[in-house]
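Novice: Here the protein sequences come in this chain order: A and B. Going by the working numbering, the residue at position 3 of the first sequence is 13; the numbering climbs one at a time, nothing skipped. Going by the working numbering, the residue at position 71 of the second sequence is 104; the numbering climbs one at a time, nothing skipped. Every residue, glycine too, gets a C-beta built ideally from N, C-alpha and C.
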Amino acid sequence: KAGVTQTPRYLIKTRGQQVTLSCSPISGHRSVSWYQQTPGQGLQFLFEYFSETQRNKGNFPGRFSGRQFSNSRSEMNVSTLELGDSALYLCASSLALGHGGTEAFFGQGTRLTVV
Amino acid sequence: TQLLEQSPQFLSIQEGENLTVYCNSSSVFSSLQWYRQEPGEGPVLLVTVVTGGEVKKLKRLTFQFGDARKDSSLHITAAQPGDTGLYLCAGAQGNTPLVFGKGTRLSVIA
Numbered sequence: 011k012a013g014v015t016q017t018p019r020y021l022i023k024t025r026g027q028q029v030t031l032s033c034s035p036i037s038g039h040r041s042v043s044w045y046q047q048t049p050g051q052g053l054q055f056l057f058e059y060f061s062e063t064q065r066n067k068g069n070f071p072g073r074f075s076g077r078q079f080s081n082s083r084s085e086m087n088v089s090t091l092e093l094g095d096s097a098l099y100l101c102a103s104s105l106a107l108g109h110g111g112t113e114a115f116f117g118q119g120t121r122l123t124v125v
Numbered sequence: 034t035q036l037l038e039q040s041p042q043f044l045s046i047q048e049g050e051n052l053t054v055y056c057n058s059s060s061v062f063s064s065l066q067w068y069r070q071e072p073g074e075g076p077v078l079l080v081t082v083v084t085g086g087e088v089k090k091l092k093r094l095t096f097q098f099g100d101a102r103k104d105s106s107l108h109i110t111a112a113q114p115g116d117t118g119l120y121l122c123a124g125a126q127g128n129t130p131l132v133f134g135k136g137t138r139l140s141v142i143a
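1) In the DSSP assignment, what are the bridge partners of GLN66 of chain B?
2) Any contact between the region 65-80 of chain A and the region 36-53 of chain B? By contact I mean 3 or more CB pairs, one from each, below 8 Å.
3) Under 8 Å, CB to CB, which of the residues in the region 79-94 of chain A have a partner in chain B?
4) To be precise: take each residue of the region 32-64 of chain A, compare its Cβ to all Cβ atoms of chain B, and keep it if any distance is under 9 Å. Which residues remain?
5) Measuring alpha carbon to alpha carbon, tell me which of A:VAL125, A:GLY117, A:LEU122 and A:THR123 ends up nearest THR136 of chain A.
6) Chain A partners of PRO41 of chain B, CB-CB under 9 Å?
7) Quick one: is GLY119 of chain A buried, meaning 16 or more other Cβ sit within 10 Å of its Cβ, or exposed?
8) Report the option in A:ALA12, A:GLU92 and A:ARG19 whose CA atom is closest to the CA atom of LEU98 of chain A.
9) According to DSSP, is ASP104 of chain B helix, strand or coil?
10) For the region 56-113 of chain A, list the alpha helix (DSSP H) runs that are entirely contained and at least 4 residues long, ordered along the chain.
11) Judging by CA-CA distance, which residue of A:VAL124, A:THR112, A:THR123 and A:ARG121 is the nearest neighbour of ARG40 of chain A?
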């Protein structure tokens with residue numbers, strides 16, 4: 011079974027530009043979550059999509075947006091990039107567990123550098 | 034706001050030593066996961082614990098979920114350099130987002 015695939019792996023952008031990152035979840039997983047990871051802040055939740063609808067949202071500005079397609083693939087977009095957006099962006103596809111919990115499987119991440 | 038506190042934040046030990054990493058919260062979770070992450074890669078799921086008091090073993094790693102499902106520990110026996118990495122715990126509750134601790138960065142020196 012293929013894992014979570016994120017593209018691209020590395021990206022260098024200039025301040026003010028926008029960027030789109032892609033995530034293909036594990037087959038059969040309908041939930042996709044996005045996280046930003048920086049050395050100082052750890053893993054910070056951006057948003058979660060389930061069946062093409064945003065189900066949860068973290069505390070990030072509106073410059074960060076996402077969407078999910080009917081095949082569960084997801085994209086996240088960051089507009090008007092700032093230097094502070096440099097981070098490892100992680101996508102996780104999740105499976106609901108019978109007792110109400112969730113098990114998440116991560117992709118390798120996209121390393122975004124804003125210069 | 035649910036929070037998960039991990040301790041210690043950093044740990045540097047010699048090969049062959051034992052260690053324990055802790056993950057604590059004041060919130061109750063339906064399940065708790067442990068992940069290991071290497072630099073530049075995504076976290077890899079090691080184990081999920083779901084029942085209070087549950088103990089799971091994965092080779093030299095032993096995971097325990099607290100009786101009240103608020104805390105967990107990860108014990109590594111006879112650590113090896115290959116165990117080096119960032120260990121993250123994450124708590125799950127219904128359809129709310131996973132809550133992650135900030136991680137324990139482990140370095141095992143040969």
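Specialist: According to the data block:
1) Residue numbering aside, residue 66 of chain B sits at position 33 when the second sequence is read from its first letter. Secondary-structure assignment with DSSP links GLN66 of chain B through a beta bridge to B:THR81 and B:ALA123.
2) Segments in contact, no.
3) none
4) SER41, SER43, TYR45, GLN47, GLN51, GLY52, LEU53, GLN54, PHE55, PHE57, GLU58 and PHE60
5) Lying before the first or after the last residue shown, residue 136 of chain A is absent from chain A, which here runs from 11 to 125.
6) Counting from one through the second sequence, the residue named residue 41 of chain B turns up at place 8. By Cβ distance, chain A contributes nothing, its closest Cβ being about 15 Å from PRO41 of chain B, past 9 Å.
7) One-based indexing of the first sequence puts residue 119 of chain A at position 109. Buried is the call here.
8) Counting from one through the first sequence, the residue named residue 98 of chain A turns up at place 88. If we check each option's Cα against that of LEU98 of chain A, A:ARG19 comes out closest.
9) Translated into positions along the second sequence, residue 104 of chain B becomes position 71. DSSP places ASP104 of chain B in strand when its eight states are reduced to three.
10) none
11) Translated into positions along the first sequence, residue 40 of chain A becomes position 30. Among A:VAL124, A:THR112, A:THR123 and A:ARG121, the Cα nearest to that of ARG40 of chain A belongs to A:THR112.
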